[in-house]
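Trainee: Quick one: this structure, given as structure tokens, is what I'll be asking you about.
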Amino acid sequence: MSLNSNNNNKAIRKLAKRSLKVNPFRNTCILITITICTILMILVPVLNSASFQIDLDTVDIQEQAIFQKLNEEQIVQLKNNSKLLCTVLEKSGPAIRVNDSFVRLGYTEYSERDIIPYRLLEGNLPEKRNEVVSEKKVMEQLELSIGDSIVLNVAENEEETFVICGMSETIGDEDSIPKLYVSKFYAEEGIPLKQRPYQMRVKVQQKNGMSKADVVQTLLEIAEDVNIDSDYVNLNTMYLYSMHFTAEQIFFYVFIDLSILLAGILVIYSVFYISVISRIPLFGQLSTIGMSRRQIKRFVNEEGLRLSILGTALGVIGSGIFSYILITTYWKFDIFLGVSVVVSVMTTLIIMLSIQKPVSMAANISPIEAVRYDLINGKRNKLILKTHKVTPRSIASIRFRRDRKKVFFTMLSLIVGGILFFVSAIYICSIDVETFARNGYFRNYEYIITFATIGEDLYYDNVDLTDMQKQKLFTKDLVEELEQIPEVESVERRKGTIVSFDIEGYIVNEDVSVINKGRFEQEVLPHLLDQTLTYEQLVQQKGIIYTRNEDTELVYGVGFSAGDPVKLEYYNGIESDTEEVVMAGFTDREYLADHFIEGGILIPEEIMELMMPGIDMTEELYVNTVDGVYSKELDEVVSTVVKKHPLLSVMTFYEQVQERSRQLQLIQQILVVTSIFGMLFSIINMLNTTLTTMITRDKELALLEAVGMQEKQMKKMLLYESLYLTLPSIVISIILGTVLGYLTVSFMGVSQATMTYQLPLWVIGIYTISMIVMPLCLSYYLYHRLSKKTIMERLKMDE
């Protein structure tokens, strides 16, 4: 009577459960693979959703854009615009020295939702002319309380007394100059603010399904409706990029998850395949005692399902622990649960589908075929008429050729893991962090000293810049003190401002660099389209050099010609002013490539002095060290000098190198982790193949010993088998890995100045030795264990 005659599902489940306990190594390999796959597949979306939430929380109370230089009519129109969800009107004032520090006067409408520039912690908002809300850190530093007075030098020889009516905390601008928020009345009538234009932070009414492009288009349409030039629309790119997942991001996450799953499936399929092949006599015995094909399928499926559920459960628990440790604050149970359910169902379903071929193979083996099945060769016995020279190498070769399916899957996983390893190694070894850090402002300098507010404040214009320049912070003493540092070779001043001009009805904002005769002749003249122009002629005709004429023509459809008059609008330190100059010359494209830190307009210092008399136009100091030396210790020396001068900050090449290294480290870690897991899958498959092969060959090895093969010859045969398995995989991995690594380096679009294709020999050596030694050591170890029994015991052992 067959098992099918009664309801024997319970018996089949018991057999499957017992079978799992019989071969712990095989099942451990499968469990580890499933667990790793599950952990990675859950961690990727959970961690990225947390990253998305962090960005969203950061920008959720920020504006989407700032409209600058507004008049009264534009302000009214924007306030009444139904497309805008929230508007916050503000006006920024100058930085004012208070003892040894600085504060900034400014007006900002108070908002408690949608856009929150600052929060009122205590007290009231300012209403009277002389009332201010002070930031908490100012009050702590100056030991002030609500109700106290503070005297500020609001203009030259002009002091005003303000009463602190409230204490605030500025949101998202902690490192900039502390603010004192004045009343609307003072913004209109106060000496330092009344000549300054308003700007407005805005956020649009977002409808369901609005993309980043839709929001940007809406903002630009609103600006156009109220006649705001696009140059005065500053988009908050951080907010826009944090709005929602893009199709590219979703595709990337799905691609990573599927890659992990496919790598795991390859190993799982191979392990199950080898497991089924090695147990074909068992299935024959089960068939002999009456188990039907359907029940054999159920038996193997039951094994797969149990392993899948257990491995997935362990993966869910592991990913939950890891993700909670990594993102405790932003860990959301609902997100984790949703991702876990989807991943668990998908993983279990795909695993069960992946083992159907081995399951069908097991079910289709008849009792007679099972008896005739040769575990050694992996196929039904046939008469073999070929003759071979009997040596350890020839026996290993025969073995290698007969186990083609097992060898194929093992080699395939080794090659995939090897390719990942070599691509990662090539990328990591090819990039030069220091050269990468030189691509930018630190191309020829090690230190850049600039105004502390420029770069800390998200938006600034010529008014902010000129107000800082009026302070005359880049003193002669500062330069001399820097030059006295032994490692410093030179200190170079860079002077400039910001101007605007009209071209075909468009307002163009442009950076200005101030040049002298020496810089003109050494740096500018070789790149002039008209090299007959002299510096004296340039000054005499009140001329300027324009470096972006070709770009202007491409963007606006019209460019300038030599001799064209241009009216520059700028801030002279007191009010907006204009100056008519002449377009005297133009540079070629190579100039900007070599001098990318320069502004679009080059103006002689004599003309700049006429436009802005008495103002030190220095924007930055560029410090060059002897032989480009840099270190953390030298940074501390330079920083100590700069700290003596308030409102100045220093950017260092050492910090740039550390930041570039940190950025690259993240990429390197991702590549290393990916290659490690790829290699881990490969190693698990290889070790499982080696172990299963050694166990199922115990009788074969005993028989070879019985006919006279010595232990030395046996180990030599195992060595050849290991080499036949690993050497082709190693060679193919090196060839494909180096080619794909080269393509990866090229595809990254990094110039040869920052990345040079490299594959150190030690990388190949470590990989080759590891791939040869691991299976060989396992084979020797298992052979040593098996050989502890006598030959007769091993020959009698029932497989």
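Quick note on numbering: the sequence shown equals residues 1 to 799 in the numbering used here.
Note that CB positions come from ideal geometry on N, CA and C, so glycine has one too.
Determine the direct distance from the alpha carbon of Met-774 to that of Ile-36, and round the result to whole angstroms.
Mentor: Translated into positions along the sequence shown, residue 36 becomes position 36. Translated into positions along the sequence shown, residue 774 becomes position 774. Answer to the nearest angstrom: the Cα atoms are 21 Å apart.
Trainee: Taking only the alpha-carbon atoms, compute the straight-line gap between Val-407 and Ile-683 and give it to the nearest angstrom.
Mentor: Here residue 407 refers to the residue found at position 407 of the sequence shown. Here residue 683 refers to the residue found at position 683 of the sequence shown. Taking the straight line from one Cα to the other gives about 14 Å.
Trainee: By Cβ distance below 7 Å, which residues in the same chain neighbour Ser-661 in space, the five residues on each side in sequence not counted?
Mentor: Position 661 of the sequence shown holds residue 661. Correct list, in chain order: Val-433.
Trainee: Leaving out five residues before and five after Ala-50 in sequence, what residues of the same chain have Cβ atoms less than 6 Å from its Cβ?
Mentor: Counting from 1 along the sequence shown, the entry for residue 50 is found at position 50. So the list reads Ile-327 and Tyr-330, once near-sequence residues are dropped.
Trainee: With burial defined as no fewer than 16 other Cβ atoms inside 10 Å of the residue's Cβ, what is the status of Phe-333: buried or exposed?
Mentor: Along the sequence shown, read from residue 1 onward, the residue named residue 333 stands at position 333. It is exposed - the Cβ of Phe-333 has fewer than 16 other Cβ atoms within 10 Å.
Trainee: Here's the rule I'm using: 16 or more other beta-carbon atoms within 10 Å means buried, otherwise exposed. How should Ser-779 be labelled?
Mentor: Taking the sequence shown and counting its residues from 1, one reaches residue 779 at position 779. Ser-779 comes out buried.
Trainee: Sort Thr-532, Gln-295, Met-468 and Thr-738 by Cα distance to Ala-425 and report the nearest one.
Mentor: Residue numbering aside, residue 425 sits at position 425 when the sequence shown is read from its first letter. Looking at the Cα atoms, Thr-738 is the closest of the given residues.
Trainee: Over the uninterrupted beta strand (DSSP E) stretch that includes Asp-577, give me the two end residues.
Mentor: Here residue 577 refers to the residue found at position 577 of the sequence shown. Its beta strand (DSSP E) spans residues 576-586.
Trainee: DSSP puts Pro-565 in a beta bridge; with which residues?
Mentor: Numbered from 1 along the sequence shown, position 565 holds the residue referred to as residue 565. According to DSSP, which records beta bridges pairwise, Pro-565 is partnered with Val-582.
Trainee: Count the other C-beta atoms from every protein chain shown that fall within 10 angstroms of the C-beta of Tyr-324, then say buried if there are 16 or more, exposed otherwise.
Mentor: To locate residue 324, count along the sequence shown from 1; it is residue 324. Looking at its Cβ environment, which holds fewer than 16 other Cβ atoms inside 10 Å, Tyr-324 is exposed.
Trainee: Buried or exposed, going by whether 16 or more other CB atoms sit within 10 Å of the CB of Asn-27?
Mentor: As a working note, residue 27 is residue 27 in the sequence shown. Asn-27 is buried by the Cβ-count criterion.
Trainee: Would you give the residue range spanned by the beta strand (DSSP E) that Val-133 belongs to?
Mentor: In the sequence shown, the residue the question calls residue 133 occupies position 133. That run of the beta strand (DSSP E) goes 131-135.
Trainee: In terms of alpha-carbon separation, which member of Asp-229, Ile-615 and Ile-428 lies closest to Pro-760?
Mentor: On the sequence shown, position 760 is the one that residue 760 refers to. When each option's Cα is compared against that of Pro-760, the closest is Ile-428.
Trainee: Reducing DSSP to helix, strand and coil, say where Glu-156 ends up.
Mentor: As a working mapping, residue 156 is identified with position 156 in the sequence shown. Glu-156 falls in the coil class under three-state DSSP.
Trainee: Give me the DSSP bridge partner(s) of Lys-495.
Mentor: Counted from its first residue, the sequence shown places residue 495 at position 495. DSSP lists Thr-618 as partners of Lys-495.
Trainee: Could you tell me which residues DSSP puts in a beta bridge with Asn-509?
Mentor: What you label residue 509 is simply residue 509 of the sequence shown in a count that begins at 1. Asn-509 pairs with Ser-500.
Trainee: Between the Cα of Gln-560 and the Cα atoms of Lys-542, Glu-569 and Val-582, which residue gives the shortest distance?
Mentor: Locating residue 560 in the sequence shown gives position 560, counting from the first residue. What sits at residue 560 in the sequence shown is Phe, not Gln. Cα-wise, what sits closest to Phe-560 is Val-582.
Trainee: Locate the alpha helix (DSSP H) running through Ile-75, then write down its first and last residues.
Mentor: As a first step, residue 75 must be located in the sequence shown, where it is residue number 75. Here the alpha helix (DSSP H) through Ile-75 covers 72-79.
Trainee: Confirm the yes/no value for this check: CB of Phe-560, any heavy atom of the ligand ADP, distance under 7 Å.
Mentor: Within the structure as shown, the ligand ADP is missing, as the structure has no ligands at all.
Trainee: With Ile-485 as the anchor, note down where its beta strand (DSSP E) starts and where it stops.
Mentor: For the purposes of this step, residue 485 is taken as residue 485 along the sequence shown, with counting starting at 1. Here Ile-485 belongs to no beta strand (DSSP E), and DSSP marks it neither H nor E.
Trainee: Which residue comes first and which comes last in the beta strand (DSSP E) that contains Pro-604?
Mentor: Translated into positions along the sequence shown, residue 604 becomes position 604. Pro-604 -> beta strand (DSSP E) spans 601-604.
Trainee: Going along the chain, which residues of its own chain have a beta-carbon closer than 7 Å to the beta-carbon of Phe-102, five neighbours each way excluded?
Mentor: To locate residue 102, count along the sequence shown from 1; it is residue 102. Only Ala-95, Ile-96, Ile-177, Pro-646 and Leu-647 meet the Cβ criterion.
Trainee: Excluding the 5 residues preceding and the 5 following Tyr-622 in the sequence, name in chain order all residues of the same chain whose CB lies nearer than 7 Å to its CB.
Mentor: Indexing the sequence shown from 1 puts residue 622 at position 622. If we look at Tyr-622 and ignore the five residues flanking it on each side, its Cβ neighbours are Tyr-445, Ile-448, Glu-492 and Arg-494.
Trainee: Run the CB neighbour count on Gly-496, radius 10 Å, all protein chains shown included, and call it buried at 16 or more, exposed below.
Mentor: The residue given as residue 496 occupies position 496 in the sequence shown. Classification of Gly-496: buried, given that the 10 Å Cβ count is 16 or more.
Trainee: Is it true that the segment 198-216 meets the segment 123-133, where meeting means three or more beta-carbon pairs spaced less than 8 Å apart?
Mentor: With the cut-off at 8 Å, the segment 198-216 and the segment 123-133 do not touch.
Trainee: So what does Ile-164 bridge to, in DSSP terms?
Mentor: The residue labelled residue 164 in the question sits at position 164 within the sequence shown. Answer is Val-132.
Trainee: For the alpha helix (DSSP H) that contains Lys-212, what are its first and last residues?
Mentor: Numbered from its first residue, the sequence shown carries residue 212 at position 212. Here the alpha helix (DSSP H) through Lys-212 covers 212-225.
Trainee: Exposed or buried, which one is Asp-588 when buried takes at least 16 other CB atoms within 10 Å?
Mentor: For the purposes of this step, residue 588 is taken as the residue at position 588 of the sequence shown. Its Cβ having fewer than 16 others within 10 Å, Asp-588 is exposed.
Trainee: Take Thr-218 and list the residues in its own chain whose beta-carbon comes closer than 7 Å to its own, dropping the five residues that flank it on each side.
Mentor: On the sequence shown, residue 218 is found 218 positions in, with the first residue counted as 1. Once the five neighbours on either side are set aside, the close Cβ partners of Thr-218 are Lys-83 and Val-204.
Trainee: Starting from the N-terminal side, write out each stretch of the beta strand (DSSP E) that is 3 residues or longer and does not extend beyond the segment 433-457.
Mentor: The segment 433-457 contains these whole beta strand (DSSP E) runs: 447-451.
Trainee: Looking only at its chain, what residues have a beta carbon closer than 8 Å to the beta carbon of Asp-808, apart from the 5 residues adjacent to it on each side?
Mentor: This structure does not reach residue 808, given that the chain is present from 1 up to 799, and the question cannot be answered.
Trainee: Where does the unbroken beta strand (DSSP E) through Val-98 begin, and where does it stop?
Mentor: If you number the sequence shown from 1, residue 98 lands on position 98. 84-98 is the extent of the beta strand (DSSP E) around Val-98.
Trainee: Along the chain, where does the alpha helix (DSSP H) containing Lys-297 start, and where does it finish?
Mentor: Position 297 of the sequence shown holds residue 297. That run of the alpha helix (DSSP H) goes 293-326.
Trainee: Should Thr-288 be labelled buried (16 or more other beta-carbon atoms within 10 Å of its own) or exposed?
Mentor: In the sequence shown, residue 288 corresponds to position 288, counting from 1. Classification for Thr-288: exposed.
Trainee: Relative to the C-alpha of Val-216, which residue among Tyr-186, Ile-66, Met-291 and Leu-310 is closest?
Mentor: Taking the first residue of the sequence shown as position 1, residue 216 is located at position 216. Cα-wise, what sits closest to Val-216 is Ile-66.
Trainee: Can you give me the Cβ contacts of Asn-234 inside the same chain, cut-off strictly under 7 Å, excluding the 5 residues immediately before and after it?
Mentor: Counting from one through the sequence shown, the residue named residue 234 turns up at place 234. Answer for Asn-234: Ala-65, Ile-66, Gln-68 and Tyr-459, listed in chain order.
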